[in-house]
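Enquirer: The structure that follows is given in the form of structure tokens.
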Amino acid sequence: MADKRNLKLGRRDFLRVAGLGAGAAAVATVAKPTTVKAGSQGAKFTDPAGRVNRPWWVRTVDQPTTEIDWDVMQRYNERTGTVRGPGMAGYVGADEVGRLDEAAAKNELQRMIDNVDGYTLKDQALAKAHVALGWSFLGPQKAPTPEERGVPKWTGSPDEAAKIIRAAMRHFGAATVGFIELDDNTRKLIYGVDPDGKDMIFTDDPVASETEDARYIPNSCKYVISYTVQMSQETMRRCPTPLAQQTTSLAYKRGQDIQASTQEFIRGLGYQCLGESSTNALAISPALAVLAGLGEMSRLNRLITPEFGPMVRVFHLLIDLPVAVDKPIDAGIMEFCKRCKKCAEACPSESLSFDTEPTWETRGGWNNPGHKAYFENAVTCRAYWREVAGTNCGICFAVCPFAKKDKAWVHEWVKASGSMVPALDSFFRTMDDAFGYGVQASAEEWWGLDLPEFGIDTTMSVREG
Amino acid sequence: MSDKMTITIRKRSWIEWSGWAIWFVGILLIVQNAIGSAQELEPRAALILWVSLVVWLLAGLVVWFVRKDR
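Chains A and B, in that order, give the protein sequences. Position one of the first sequence corresponds to residue 16 (my numbering), numbered consecutively onward. Position one of the second sequence corresponds to residue 6 (my numbering), numbered consecutively onward.
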């Protein structure tokens, strides 16, 4: 039997072992814990419907973490209900809207003259740079259909359909994609009236159509594609400034592009794809995204995703191609919101709820009753945009503890803890403050940063297949 | 003068080895998060983690110093 104490290790062997150890440590240091084996360019989906692997701490559940009372839920009038466009005048009067607009214009000019950080001419120019390509309910309708090509339309199982749509949409720029099937309840999430005042009418007609007064949705278009588009955290953390404001403009522009491409792709397969006719049109985006398992509702009264936190815009499409549907998720986000309240504390207009538990009681016509949520005061929020910020705001998004990149492993541990050990939520909220997360950064500094395209990391949601 | 040299090799207990392994893993994790935080452009988080690393290293040094002659 060998005497372990007499084992000799030569200097050269020692250096070799030490070198290997150091190399392994270096690799372990720079690698992500969830790194794709085949690299982010080649991992194969193991799910038949092409569902991407979520973090291990995201549970699939039958009911969303937001309670819903479908008997109370009604189809929403987006034209007059929200504080966007003419809706605001309905709540505060046209004179007040005029005063707020005047204040916004005056502040914009003065801040440009004063070279206020984030409000300089170059920031304002960037904010106005995103020229919209245009939304369309029926889509561009330029791509050749199978009929025009003289071939039968594409057929495949619902899983295969979901898989190719996911692949196409992620290729077009969507961050995450989910599906639900409309029933008598979830149909209530489709607006009764679109933002431009057109009625949204379900019809037995097989083909979708649009008139001056209404948009007609075939009953066969009962599958919803819900998808997210990432926003740049580096610009959003500089809110509220025009530099940060263009984060949403850019995401909406990319959303338009993805919508148009998807509409043409589905058309090319031989099916219909109905889109948003304007920003946030057609349906209640966060609600559909929650049901499709893209994220959970939150104290922001907006969607928070496990992968990107609130740093996404949410979009949706209706199609008549049967797809495999998804389930809601529980990643502990709603539970974390109960204890965190960081967004509510940071909100300069005190528009967010401080209640520990969500409630059924809405705070105004801008909220759609029928779900238990942290309802916000949209009027004071919007008034702050116009009167003080001069731009949109987004502070609640920027300070959210879920709004993190994924370079440091600790964020994944904290998110996992939030899902598995809610008792630690308050501790991690405190640590989030201590580590300086959510502090507004310099807008001037942003112009010197070396950032990836669109300011986002497109590998963040890529996981081992 | 004697040409003989005596080397004494002391066998550490598995508990002690585990303690040092945890200390080493702790170093790796703190370094990873410090570098990651710097890449995320979170200077305060990175600074706190670098300071934590120094404290962690010093703690190991002190423990090693105290126990080396035992």
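Quick reminder that beta carbons are idealized off the backbone N, C-alpha and C, glycines included.
1) Using beta-carbon positions only, say whether residue 250 of chain A and residue 470 of chain A come within less than 7 Å of one another.
2) Any idea what DSSP makes of residue 333 of chain A, helix, strand or coil?
3) Should residue 87 of chain A go down as buried or exposed, given a rule of 16 or more other Cβ atoms within 10 Å for buried?
4) What's the C-alpha gap between residue 66 of chain B and residue 15 of chain B?
5) Mind pulling the chain B residues with CB within less than 9 Å of residue 451 of chain A?
6) Look up residue 351 of chain A in the DSSP assignment and say whether it is helix, strand or coil.
7) Does residue 39 of chain A come out as helix, strand or coil in the three-state DSSP assignment?
8) Which residues, in order along the region 422-448 of chain A, keep a beta-carbon less than 7 Å from a beta-carbon of chain B?
9) Mind checking whether residue 412 of chain A and residue 325 of chain A have CB atoms under 7 Å apart?
10) Using CA atoms only, rank isn't needed, just tell me which of A/123, A/83, A/84 and A/72 is closest to residue 400 of chain A.
11) Determine the DSSP secondary structure at residue 451 of chain A, reduced to helix, strand or coil.
12) Between residue 264 of chain A and residue 22 of chain B, what straight-line distance do the alpha-carbon atoms span, to the nearest angstrom?
13) Considering only C-alpha positions, which residue in the set A/268, A/158, A/339 and A/279 is nearest to residue 144 of chain A?
14) Taking residue 214 of chain A as part of the beta strand (DSSP E), name the residues at either end of that continuous run.
15) Please determine if the region 332-339 of chain A and the region 420-428 of chain A are in contact, where contact requires at least 3 C-beta pairs separated by less than 8 Å.
16) Following the continuous beta strand (DSSP E) through residue 372 of chain A, name the residue where it begins and the one where it ends.
17) Hey, does residue 39 of chain A have any beta-carbon neighbour from chain B nearer than 7 Å?
18) Cα separation between residue 107 of chain A and residue 135 of chain A?
19) Closest by CA to residue 194 of chain A, which one among A/187, A/188 and A/236?
20) Round the Cβ separation of residue 461 of chain A and residue 253 of chain A to the nearest angstrom and send it over; I've been treating them as touching at under 8 Å.
21) Where do the ends of the alpha helix (DSSP H) carrying residue 95 of chain A lie?
22) Could you check the C-alpha separation between residue 11 of chain B and residue 24 of chain B for me, to the nearest Å?
23) Compare the C-beta of residue 18 of chain B against all C-beta atoms of chain A and say whether one is closer than 7 Å.
24) I'd like to know if the region 310-325 of chain A and the region 286-293 of chain A are in contact, where contact means that at least 3 CB-CB pairs between them fall below 8 Å.
25) Using a C-beta to C-beta distance shorter than 7 Å, which residues of chain A count as neighbours of residue 41 of chain B?
26) Would you give the residue range spanned by the alpha helix (DSSP H) that residue 15 of chain A belongs to?
27) Would you list the one or two residues that DSSP bridges to residue 365 of chain A?
28) Is the number of C-beta pairs between the region 227-242 of chain A and the region 358-369 of chain A that are closer than 8 Å three or more?
29) Should residue 319 of chain A and residue 417 of chain A be called a contact, given that it needs their Cβ atoms to be closer than 7 Å?
30) Can you tell which of A/234, A/211 and A/209 has its C-alpha closest to the C-alpha of residue 221 of chain A?
31) Specify, as a first and last residue, the run of the alpha helix (DSSP H) that residue 49 of chain B falls within.
32) By the 10 Å Cβ neighbour count, where 16 or more other Cβ atoms means buried, how is residue 386 of chain A classified, buried or exposed?
33) Do you know offhand how far residue 197 of chain A's Cα is from residue 44 of chain B's?
34) For the alpha helix (DSSP H) containing residue 139 of chain A, name the first residue and the last one.
35) Using a Cβ-Cβ cut-off of less than 8 Å, list which residues of the region 233-263 of chain A approach chain B; keep chain order.
36) Which residues in the same chain have their Cβ closer than 6 Å to the Cβ of residue 148 of chain A, if we skip the five residues on either side of it in sequence?
Expert: Taking the structure as given:
1) Closer than 7 Å, so yes.
2) In this structure, residue 333 of chain A counts as strand in the three-state DSSP scheme.
3) So residue 87 of chain A counts as exposed.
4) Going from the Cα of residue 66 of chain B to the Cα of residue 15 of chain B covers about 19 Å.
5) The CB of residue 451 of chain A comes closer than 9 Å to the CB of 47, 48, 49, 50, 52 and 53 in chain B, given here in chain order.
6) DSSP places residue 351 of chain A within a helical segment (H, G or I) once states are collapsed to three.
7) Because the pLDDT at residue 39 of chain A is just 46, under 50, the model does not fix this residue reliably, and the value given afterwards should be weighed accordingly. Reduced to three states, the DSSP call for residue 39 of chain A is helix.
8) Against chain B - using a Cβ distance shorter than 7 Å - the residues of the region 422-448 of chain A are 422, 423, 424 and 425.
9) Yes, they are a contact pair.
10) Ranking A/123, A/83, A/84 and A/72 by Cα distance to residue 400 of chain A puts A/123 first.
11) Of the three classes helix, strand and coil, the one that applies to residue 451 of chain A here is coil, per DSSP.
12) Approximately 56 Å between the Cα atoms of the pair.
13) Checked all of A/268, A/158, A/339 and A/279; the closest Cα to residue 144 of chain A is A/268.
14) Its beta strand (DSSP E) spans residues 214-218.
15) Proximity of the region 332-339 of chain A to the region 420-428 of chain A falls short of the contact definition, fewer than three beta-carbon pairs being nearer than 8 Å.
16) Careful: residue 372 of chain A lies outside any beta strand (DSSP E) and carries neither H nor E.
17) Reliability fails at residue 39 of chain A, whose pLDDT of 46 lies under 50, so the model's placement of it is uncertain and the value that follows must be treated cautiously. For residue 39 of chain A, not one C-beta of chain B is nearer than 7 Å to its own C-beta.
18) Residue 135 of chain A has its alpha-carbon roughly 31 Å from the corresponding atom of residue 107 of chain A.
19) Comparing Cα positions, the closest option is A/236.
20) Distance from residue 461 of chain A to residue 253 of chain A at the Cβ level is roughly 6 Å; contact confirmed, criterion being Cβ atoms closer than 8 Å.
21) For residue 95 of chain A, the enclosing alpha helix (DSSP H) stretches over residues 93-96.
22) Going by the C-alpha atoms only, they are around 28 Å apart.
23) Chain A, which has no Cβ nearer than 7 Å to the Cβ of residue 18 of chain B, makes this no.
24) Three or more Cβ pairs closer than 8 Å define a contact, and the region 310-325 of chain A falls short of that threshold against the region 286-293 of chain A.
25) Neighbours of residue 41 of chain B across chain A, judged by C-beta separation under 7 Å: 422, 423 and 424.
26) Past the boundaries of the shown model lies residue 15 of chain A; chain A is included only from 16 to 480, so the question cannot be answered.
27) Answer is none; residue 365 of chain A lacks a bridge partner.
28) Too few Cβ pairs lie closer than 8 Å, so no.
29) In this structure, residue 417 of chain A lies closer than 7 Å to residue 319 of chain A by Cβ.
30) Among A/234, A/211 and A/209, the Cα nearest to that of residue 221 of chain A is on A/234.
31) Per DSSP, residue 49 of chain B belongs to the alpha helix (DSSP H) from 48-72.
32) By the neighbour-count rule (16 or more Cβ atoms within 10 Å), residue 386 of chain A is buried.
33) Going by the C-alpha atoms only, they are around 43 Å apart.
34) Going by DSSP, residue 139 of chain A is part of the alpha helix (DSSP H) stretching over 136-142.
35) Flagged, chain order: 249.
36) The beta carbon of residue 148 of chain A sits closer than 6 Å to those of 271, all from its chain and outside the five residues before and after it, given in chain order.
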